[in-house]
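Quick note: the sequence shown uses the working numbering, first residue 10, plus one each step. All remarks here apply to the structure that follows.
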Amino acid sequence: MTRAKIPLSMTGDNLYGFSCECTNRHPTYAVCQRTVYAYKEDRLRGFDDCRAAIDARTCPAIKMMLAEKKAGKALFFESYTALVEGP
Numbered sequence: 010m011t012r013a014k015i016p017l018s019m020t021g022d023n024l025y026g027f028s029c030e031c032t033n034r035h036p037t038y039a040v041c042q043r044t045v046y047a048y049k050e051d052r053l054r055g056f057d058d059c060r061a062a063i064d065a066r067t068c069p070a071i072k073m074m075l076a077e078k079k080a081g082k083a084l085f086f087e088s089y090t091a092l093v094e095g096p
């Protein structure tokens, strides 16, 4: 994926996290998206629980990614920069 095509929610500025029932972790959505892309590109090493969830189509990040694609915008995004810099 080229830098120009990286969705806003997949950038390092996104600190949106959620509770993943598939892995019993609290990952950031950006990391999950990168994990899904690594899986698609056959670059995923480790993350066996994530691989199993992706294979079973139970990975919540996939559903979130599809929702964002359908909406045409980032739905699961909390800016780290905005949090640090404040109002």
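Heads up, the beta-carbon is just placed ideally off N, CA and C, and yes, glycines get one too.
Straight-line Cα distance separating residue j from residue i
i             : j            : result
lysine 79     : glutamate 94 : 31 angstroms
proline 96    : threonine 90 : 11 angstroms
glycine 81    : lysine 14    : 13 angstroms
asparagine 23 : histidine 35 : 14 angstroms
methionine 73 : leucine 92   : 23 angstroms
valine 40     : leucine 53   : 12 angstroms
glycine 55    : valine 45    : 13 angstroms
Backbone secondary structure at residue i - three-state DSSP
i            : result
arginine 66  : coil
serine 28    : coil
threonine 37 : strand
Under 8 angstroms between C-beta atoms of residue i and residue j
i           : j            : result
alanine 83  : leucine 17   : yes
tyrosine 48 : threonine 37 : no
Close beta carbons around residue i, own chain, < 8 angstroms, minus the five adjacent residues each side
i            : result
glutamate 30 : Pro69
Cβ shell of residue i (< 6 angstroms), same chain only, five flanking positions each side left out
i                : result
phenylalanine 85 : Ser18, Tyr25, Tyr38, Met73
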